[in-house]
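So the structure is just underneath, and the comments pick up after that.
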Amino acid sequence: MIGGGMNASLSPMFLTDLAAVHATLRPSPLSAAFLSDLKKVYATLPTASDDNLRFLANRFDEWRRVTREWVRARVKKLDKDDPLLCQISLFRTMDSGRLETAHTRTLAWLLDPKNKEHGFGDVLLSALLGRLADRDHFDHLHVESVASEYLLEGSAGKGRLDVLAKGEWESMGERVRWMLVIEAKVDAWEGEGQLDKYDEWLDLHAADRVPYRVFLTPEGRPPETGAEEWEAMSFLELVRIFRAVYGGLRHAPGFHFLRFYLAGVLQDVCGLPRHVGEDAADPYAVASYLKAVHDSHSEGASHDAAR
Amino acid sequence: MTPLGKPLVFYLKYMAEMEGLYVEGSEEPDLTGLDEVEHVRELACAVGDAACEKMADFLELCGKGIEEHFNGLGIATLTNKGKRAYLVRNWKWEGKVRLSSAPGGWFDCGVSHPVEGNVIPWVWRRGGRSWAELVMKTLGDRAYSRGGSGVMRNWETGSVALACIQVLDKNLQGFDVDRDPLVAKVVGAFTALRADDVEIMARGVGGEDDSPEAEEPGGPTE
């Protein structure tokens with residue numbers, strides 16, 4: 000019996016032996032020399048003394064000044080309609096900055112080239128697929144459908160795919176039939192076996208296609224369920240992908256909608272400040288975003304030009 | 000005056016820098032402009048560790064006052080409180096208010112991790128926007144803001160801030176802040192909830208799954 004109560008049938012000899020063995024399990028007392036050495040080492044560890052706080056404050060002040068200067072110089076180079084400079088969040092106007100369904104429905108709307116309202120054609124979808132398929136560009140992109148909240152039924156039960164798109168692309172002589180599935184989580188976690196359920200459905204319905212599975216979250220965390228093929232993507236990464244082709248959409252009817260949407264994602268989902276000016280509480284996050292966007296913008300420029 | 004603790008005040012004053020250097024798993028910022036990086040990192044760890052203890056002291060005091068209030072109403076009990084190790088690690092206090100008269104009557108309450116230099120006493124219950132609207136209507140000017148807007152723009156829909164309590168004055172020189180009035184303000188945001196408010200809030204809007212188990216509490220989602 001392990002961890003149970005006392006058994007009355009145990010012999011005194013057994014108990015004596017048990018006590019003797021137990022005594023050997025106790026750690027021997029720490030030696031005076033060890034304790035003395037430990038004290039000496041402890042005394043050398045830094046503390047949160049007034050002097051140390053002042054030293055750190057000086058270092059941090061200078062670090063912040065240098066970073067703010069860098070941000071200020073970089074922000075000056077941004078176009079005036081850059082989402083980072085936009086203070087209007089599309090969904091925050093309705094207190095829904097992090098409302099998952101608002102994000103996924105909008106995402107499906109933006110990605111759908113058959114939607115003539117925004118006038119983006121397949122530019123955003125192509126940018127996203129290009130990133131997933133590791134292609135600079137597609138010679139031809141045919142889109143059969145883009146749907147949001149796609150209801151599916153399988154042996155494991157019902158579910159809804161946040162975004163489902165399918166079609167065919169051609170690049171450098173290669174022709175691929177594809178299916179894109181996006182499952183987004185803003186403040187929630189996956190349901191029990193949620194992605195497994197989607198995988199099962201994909202196995203049945205996308206057997207002749209290359210499936211691109213995207214698990215979209217604020218921090219880009221990996222999913223807890225589902226096949227290894229699910230690609231963890233952060234909303235910031237999504238912004239970077241769209242940002243790379245953003246400039247080319249300036250004259251489309253949906254441009255400002257996209258601008259407000261991306262500004263909202265940056266502020267409400269990714270936590271970037273509404274004001275990126277002098278008093279931004281976290282200039283380091285702004286600097287990090289600007290560096291990443293600059294990189295992806297450079298890549299995007301070639302991608303755009305190739306189209 | 001009881002000091003909030005210089006390491007904690009320092010941490011809050013230099014939150015972006017401290018989070019970047021001290022918090023495990025956070026993306027390290029670009030260190031350009033920061034001299035003596037390794038020494039600074041060592042000191043930041045020492046200050047961060049001390050700040051965690053001071054934050055837990057503060058939250059424990061807030062939690063004690065909140066618990067006394069809800070238990071004192073005589074219609075509810077406060078359960079599922081985090082232990083000190085949780086407060087040290089997460090910088091937030093949470094509890095569950097359970098209505099004694101109705102098994103399905105509950106809501107979560109808590110004190111947030113500092114947001115933009117403010118601590119936010121909050122309540123949350125399953126029921127999303129409808130529940131938040133019920134709380135806003137019930138409490139009137141005793142509620143501050145709903146999740147998804149203002150200082151709570153990164154919060155889950157369905158959470159309601161009872162107040163937004165500034166910890167640091169923008170022009171604060173040095174690292175001395177009195178803890179007592181801050182604790183009083185946090186606890187005061189909850190003592191403003193009367194028994195009839197608690198009953199309405201705990202009963203929810205109806206129609207939702209009333210199980211309080213296995214729920215992710217509300218609050219900031221950083």
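Quick note, the sequences are listed as chains W and H, same order. Residue 306, in numbering that gives the first Met the number 0, is where the first sequence stops; the numbers in between run on with no holes. Residue 221, in numbering that gives the first Met the number 0, is where the second sequence stops; the numbers in between run on with no holes. Built from N, CA and C at the ideal position, the CB exists for glycine as well.
- Between residue 60/H and residue 182/H, the C-beta spacing is below 7 Å.
- Assignment of residue 151/W by DSSP, reduced to helix, strand and coil, places it in the strand class.
- Per DSSP, the continuous alpha helix (DSSP H) segment holding residue 234/W begins and ends at 234-245.
- For the stretch 35-121 of chain W, the continuous alpha helix (DSSP H) assignments of 4+ residues that do not extend past its boundaries occur at 49-75, 99-110, in sequence order.
- Taking a cut-off of 8 Å on C-beta distances, the stretch 155-175 of chain W touches the stretch 138-147 of chain W, as three or more cross pairs fall below it.
- For residue 43/W, the nearest beta carbon of chain H is not closer than 7 Å to its own beta carbon.
- Taking 7 Å as the threshold, the shortest C-beta distance from residue 215/W to chain H does not fall below it.
- Taking 7 Å as the cut-off, the Cβ atoms of residue 174/H and residue 9/H count as close.
- Taken through DSSP and simplified to helix, strand or coil, residue 184/H comes out as helix.
- Not a single CB atom of chain H sits nearer than 7 Å to the CB of residue 197/W.
- Taken in chain order, the whole alpha helix (DSSP H) runs of length 4 or more contained in the stretch 177-214 of chain W are 193-204.
- According to the DSSP assignment, residue 16/W belongs to no beta strand (DSSP E) but to the alpha helix (DSSP H) extending over 11-24.
- Shown here, residue 126/W sits in a helix according to DSSP, grouped into three states.
- Within chain W, not a single residue places a beta-carbon under 7 Å from that of residue 126/H; the smallest gap is close to 14 Å.
- Cβ atoms of residue 44/H and residue 21/H come within 8 Å of each other, at about 6 Å.
- Only 44, 45, 46, 47, 49, 51, 52, 54, 55, 56, 58, 59, 61, 62, 63, 64 from the stretch 34-64 of chain W bring a Cβ to less than 8 Å from some Cβ of chain H.
- When Cβ pairs closer than 8 Å are counted between the two stretches, the stretch 118-133 of chain W is seen to touch the stretch 245-257 of chain W, the count reaching three or more.
- Where residue 110/H is concerned, the enclosing beta strand (DSSP E) starts and stops at 105-110.
- In the DSSP assignment, residue 6/H falls within the alpha helix (DSSP H) that extends over 5-12.
- For residue 96/H, the closest of 76/H, 83/H, 114/H by C-alpha to C-alpha distance is 76/H.
- As DSSP reads the structure, residue 177/H sits in a beta bridge with 2/H.
- Under the 8 Å Cβ criterion, the stretch 74-90 of chain H does not count as touching the stretch 29-37 of chain H, having fewer than three qualifying pairs.
- If you draw a straight line from the Cα of residue 108/H to the Cα of residue 70/H, it is about 13 Å long.
- No Cβ-Cβ contact shorter than 7 Å links residue 131/H with residue 143/H.
- Within chain H, the C-beta atoms nearer than 8 Å to that of residue 286/W come from 28, 29, in chain order.
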